[in-house]
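I have placed the structure first, in the form of structure tokens, so that the comments after it can refer back to it.
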Ligand code: GLP
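Residue numbers (my numbering): 1 to 251.
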């Protein structure tokens, strides 16, 4: 893993957007994997600026979301499908049918998981995957204990993750307990991974993921076995790292 420590979340967003913009301009095949949650927002904001100011075009790019809540439709304001449309896809020139997420409303969720894997494979696989990290070390919605080899599957959320994500739901609403998520095996098949983490609440998950033992108790530690993972951190998220990180440089 390549660890890059930057000043603040805006700098992390700019560095993440640089790497994605370079891939968009130079890509030859494969798709872009998109993450939801608050941390990647500065990345998307920087990409939207590059679209408007520098003409960066996403017109031919195919995108896949990591995960979705079971029972939420793509129109639900709390769904990840809607989140990504409103915060990124609709703000650039991405055709609507180029952004796919798992269907949380599918009657047969296992069949949906299989067809989601097929759809990713049909585009040539994920060339570049943007990832956040949960406070308990989860990636996508792969909670502690998830198998490192798993494909897209239905996962039961921990109380901690539901609590952490309650801020994205209106007060009084219950956070769904089940989700469809790309598995860690799916994520590890991405040819390049860019994990972003900012703020003190992520410091412990970050140190366990990058310096701790590789263990299913810390899903993000699976990335230690991936050949091309870059971890972009701000100073707060990097605060518990023991090994020296590289000085600021282009990821
Ligand atoms: C959710 C998402 C993850 C995300 C995590 C952290 O659980 N499924 O993909 O990385 O939240 O989100 P945040 O960046 O808002 O802390």
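Where a beta carbon is used, it is the ideal one built from N, C-alpha and C, also for glycine.
Pairing residue 136 with residue 52, the inter-Cα distance amounts to about 36 Å. Assigned with DSSP and collapsed to three states, residue 90 falls in helix. For residue 33, the three-state secondary structure derived from DSSP is strand. Contact between the stretch 89-99 and the stretch 148-166 is absent, with fewer than three C-beta pairs closer than 8 Å. Taken through DSSP and simplified to helix, strand or coil, residue 192 comes out as strand.
Using a Cβ-Cβ distance cut-off of 8 Å, the stretch 222-240 and the stretch 62-78 are not in contact, since fewer than three pairs of beta carbons, one from each stretch, lie closer than that value.
The distance from the Cβ of residue 142 to that of residue 219 is about 4 Å, consistent with a contact at the 8 Å cut-off. In the structure shown, the three-state DSSP call for residue 78 is coil. Contact annotation: residue 178 and residue 123 have beta-carbon atoms that are not nearer than 7 Å.
Take residue 103, set aside five residues on each side of it, and the residues of its chain with a beta-carbon closer than 6 Å to its own are 112, in chain order. Under the 8 Å Cβ criterion, the stretch 183-195 counts as touching the stretch 116-135, having at least three qualifying pairs.
For residue 156, the enclosing beta strand (DSSP E) begins and ends at 153-156. Nearest to residue 72 by alpha-carbon distance, out of 8, 109, 1, is 109. Ranking 86, 59, 44, 125 by CA distance to the CA of residue 187 puts 125 first. Residue side-chain check: residue 81 keeps its Cβ at 6 Å or more from all non-hydrogen atoms of the ligand GLP. Beta bridge pairing from DSSP links residue 63 with 32, 99. Of 175, 127, 169, the smallest CA-CA separation from residue 228 is found for 127.
Burial state of residue 107 is exposed, judged by a 10 Å Cβ sphere holding fewer than 16 other Cβ atoms. Residue 178 sits in a strand when the DSSP states are folded into three classes. Of the candidates 156, 216, 28, 212, the residue whose Cα lies closest to the Cα of residue 67 is 156. Short note on residue 101: C-beta not closer than 6 Å to any heavy atom of the ligand GLP. If you draw a straight line from the Cα of residue 70 to the Cα of residue 175, it comes to about 10 Å. DSSP lists no beta-bridge partner residue for residue 109.
In the three-state DSSP reduction, residue 159 falls in the helix class (H, G or I). Distance from the C-beta of residue 34 to the nearest heavy atom of the ligand GLP is not below 6 Å.
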